[in-house]
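**Student:** Residue 1145 in this note's numbering sits at position 298 of the sequence shown, with consecutive numbering throughout. All C-beta atoms, glycine included, are put in the ideal place defined by N, C-alpha and C.
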Amino acid sequence: MAYLKRTADVLLEERLEAFGAILIEGPKWCGKTTTAEQYAKSVIKLQDPDMRDEYLATAEAKPSLLLKGATPRLIDEWQDAPVLWDTVRTMVDKRQEQGQFILTGSNAVDKSKILHSGNSRISKMQMIPMSLWESCESNGKISLKDLFDNPDSDIDGIESDMTVEHLIFCACRGGWPGTMNIKTDRARLLIARNYVKTVCSEDISRVDGVLRNELLARTILRSYARNISTVAKKTSMIADVAASGETSCSEPTFDDYVTALRKLFVICDVEAWCPAIRSKTAIRSGLKRAFVDPSIAVAALGLTPEALMVQLNTFGFIFEQMCIRDLKAYTLDFETHLSYYRDRYNLEADWVLHLGDGRYALIECKLGSKEIEDGARHLVEIKNLIREHNKQEQQVPIREPDLMIVLTGGKMAYSRPDGVKIIPLGCLKD
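#1: Between the region 1107-1124 and the region 994-1002, do at least 3 Cβ pairs fall closer than 8 Å?
#2: With DSSP collapsed to three states, give me the class of residue 980.
#3: When the Cα atoms are used, what is the spatial distance from residue 1186 to residue 850?
#4: Starting from residue 1119, follow its DSSP beta bridges and name the residues at the other end.
#5: To the nearest angstrom, how far is it from the Cα of residue 1244 to the Cα of residue 1123?
#6: For residue 1198, which three-state DSSP category applies?
#7: How would you label residue 1213, buried or exposed, when you count the other beta carbons within 10 angstroms and need 16 or more for buried?
#8: Look at the Cβ atom of residue 1111, then the Cβ atom of residue 1051, and state whether they are nearer than 8 Å.
#9: Taking the C-alpha atoms as reference points, what is the distance between residue 953 and residue 1085?
#10: Let me know the secondary structure DSSP gives residue 1253 once reduced to three states.
#11: Taking the C-alpha atoms as reference points, what is the distance between residue 867 and residue 1065?
#12: How far does the beta strand (DSSP E) with residue 973 in it extend, from its first residue to its last?
#13: Within 8 Å (strictly less), CB to CB, does residue 1042 reach chain C?
#14: Within 10 angstroms of its Cβ, does residue 1074 collect 16 or more other Cβ (buried), or is it exposed?
#15: Which residue comes first and which comes last in the alpha helix (DSSP H) that contains residue 1213?
#16: So, are the CB atoms of residue 989 and residue 1002 less than 8 Å apart?
#17: Output yes or no for whether 8 Å exceeds the beta carbon distance between residue 938 and residue 982.
#18: Roughly how many angstroms lie between the CA atoms of residue 916 and residue 853, to the nearest whole one?
#19: Kindly indicate which three-state DSSP category residue 1128 falls into: helix, strand or coil?
#20: Would you say residue 1113 and residue 1138 are within 8 Å of each other, going by their C-beta atoms?
#21: Going by DSSP, what residue range makes up the alpha helix (DSSP H) through residue 1238?
#22: Between the C-alpha atoms of residue 1261 and residue 993, what's the straight-line distance to the nearest angstrom?
#23: Please report how far the alpha carbon of residue 935 lies from the alpha carbon of residue 921, in whole angstroms.
#24: I'd like to check one pair, residue 979 with residue 985: are the Cβ atoms closer than 8 Å?
#25: If you measure between the beta carbons of residue 1141 and residue 1018, is that distance less than 8 Å?
#26: Any chance the region 1187-1198 sits against the region 1141-1150, with 3 or more Cβ pairs inside 8 Å?
#27: Alpha carbon to alpha carbon, how far is residue 1246 from residue 1209? Give it in angstroms, no decimals.
#28: What did DSSP end up calling residue 923 once you bin it into helix, strand or coil?
#29: Our contact map puts residue 977 next to residue 859 with C-beta atoms below 8 Å; I'd like the distance itself, whole angstroms only.
#30: Out of 926, 865, 1159, point me to the one whose CA is closest to residue 891's CA.
#31: Counting only runs of 4+ residues fully inside the region 1029-1116, write out the alpha helix (DSSP H) ranges in chain order.
#32: Rounded to whole angstroms, how far is the Cβ of residue 906 from the Cβ of residue 931, which I believe are closer than 8 Å?
#33: Alpha carbon to alpha carbon, what distance is there between residue 1234 and residue 1163?
#34: To which residues does DSSP link residue 868 through a beta bridge?
#35: Spatial neighbours of residue 887 within its chain, please: CB distance less than 8 Å, with the 5 preceding and 5 following residues excluded, ordered by chain position.
#36: Mapping DSSP to helix, strand and coil, what is residue 989?
In structure tokens:
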């Protein structure tokens, strides 16, 4: 199968020009190794069963031998020989050249065997599962970057090729590159289910060597899935786990499992944006619950595309997870980040997309056209509040939003008279 271009490609190219080595992090199966192979001139895979023992013995005796080869040299599953981290750092210092090594692998590494952070020598970058544009399902007729650079650009009449049924299937299948070369839809859906099973039965214990209970891991993931796209409190989620009747869970245990799931890049909770628009006490600042890919929520809840066809309210929350995944994929860099806004008056923006240069977009995710009006009204009200704040607090003004966007599962893009842009997710790209 031909390589599908990733938004991370540009990021990797830039870092190969700037740094001696690059570590690609992210959830398993998101395509880290495949992307790295597009740029590597030589490759060593430490989990190659024919060579594993030889590689590990060499790493123990003289690890620098494993770094010999054409550059950039890809070292896959480097964490199996943690000494390679410091060896790579030392070699980068010695050669004083950029683009020498690419490291890929999991977060399950014995950090006690690493002596140096690698700061300024080894640059870390993240990958996530494929966006709809990367999987060739969004037609990419509207560029998020172009919108920031030209907010008044004409998007009226641009149409998505995706139906709600197609969006539902894509959310259930997920953005896992391994699904792209599978022929039947039924088989494609197995990838996410197997991902959740492997995380709960193996990875959650392997990530730091602490034995954890598979049933409890599954129950916590299921509770997370029931609370995605909400600011659910930890106490209510612990109660939810206990109410399942399958297992008990204390707060320290819950924290331990969630920390492990974050290390695995399964959970990626979002923090609140807390500008003093009304008052410092008006902002709800709990974490908004999120997964790295919507298919994790679907698999954890045991849902199917057929079930979601008649549960569109539930799919609305899952659709929001697909939006956050794609927004992250389209803005991969050092500084970009997502937050959310919600105050005690229930004024909200589902997501606030912050660029490194200070620009930001207020974004609402609304699956159906009936919800667009409410979403747009919220965004305009926040913008008006910021304007009123700036009139009173001229010494500490808050930047007005550069974009206001409602992402939808609908067909047509257009700009409203109030400045809010209505954009189908199936039209968006980086």
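**Tutor:** On the basis of the data shown:
#1: no
#2: In the structure shown, residue 980 sits in coil (DSSP, three-state: anything other than H, G, I, E or B).
#3: Roughly 32 Å separates the two Cα atoms.
#4: 1187
#5: A straight line joining the alpha-carbon of residue 1244 with that of residue 1123 spans about 10 Å.
#6: Strand.
#7: The residue in question, residue 1213, is buried, as its Cβ has 16 or more Cβ neighbours within 10 Å.
#8: Yes. Within cutoff.
#9: 28 Å
#10: strand
#11: 40 Å
#12: Taken as a continuous stretch (DSSP letters only), the beta strand (DSSP E) holding residue 973 covers 969-973.
#13: The structure shown contains no chain C, having only a single protein chain.
#14: buried
#15: First-last for residue 1213: 1207-1213, but that is the beta strand (DSSP E), not the alpha helix (DSSP H).
#16: yes
#17: no
#18: 26 Å
#19: Legend: pLDDT at residue 1128 = 49, less than 50; position of this residue unreliable, no value from coordinates given.
#20: yes
#21: Taken as a continuous stretch (DSSP letters only), the alpha helix (DSSP H) holding residue 1238 covers 1219-1239.
#22: 15 Å
#23: So the two alpha carbons sit approximately 11 Å from each other.
#24: yes
#25: yes
#26: With the cut-off at 8 Å, the region 1187-1198 and the region 1141-1150 do not touch.
#27: A straight line joining the alpha-carbon of residue 1209 with that of residue 1246 spans about 12 Å.
#28: strand
#29: Between residue 977 and residue 859 a beta carbon distance of about 15 Å is seen, past the 8 Å cut, so the two are scored as non-contacting.
#30: 926
#31: 1032-1035, 1037-1045, 1061-1073, 1081-1090, 1098-1110
#32: 6 Å
#33: 31 Å
#34: 948, 969
#35: In its chain, beyond the 5 residues on either side, 919, 920, 921, 949 have a beta carbon closer than 8 Å to the beta carbon of residue 887.
#36: Strand, per DSSP.
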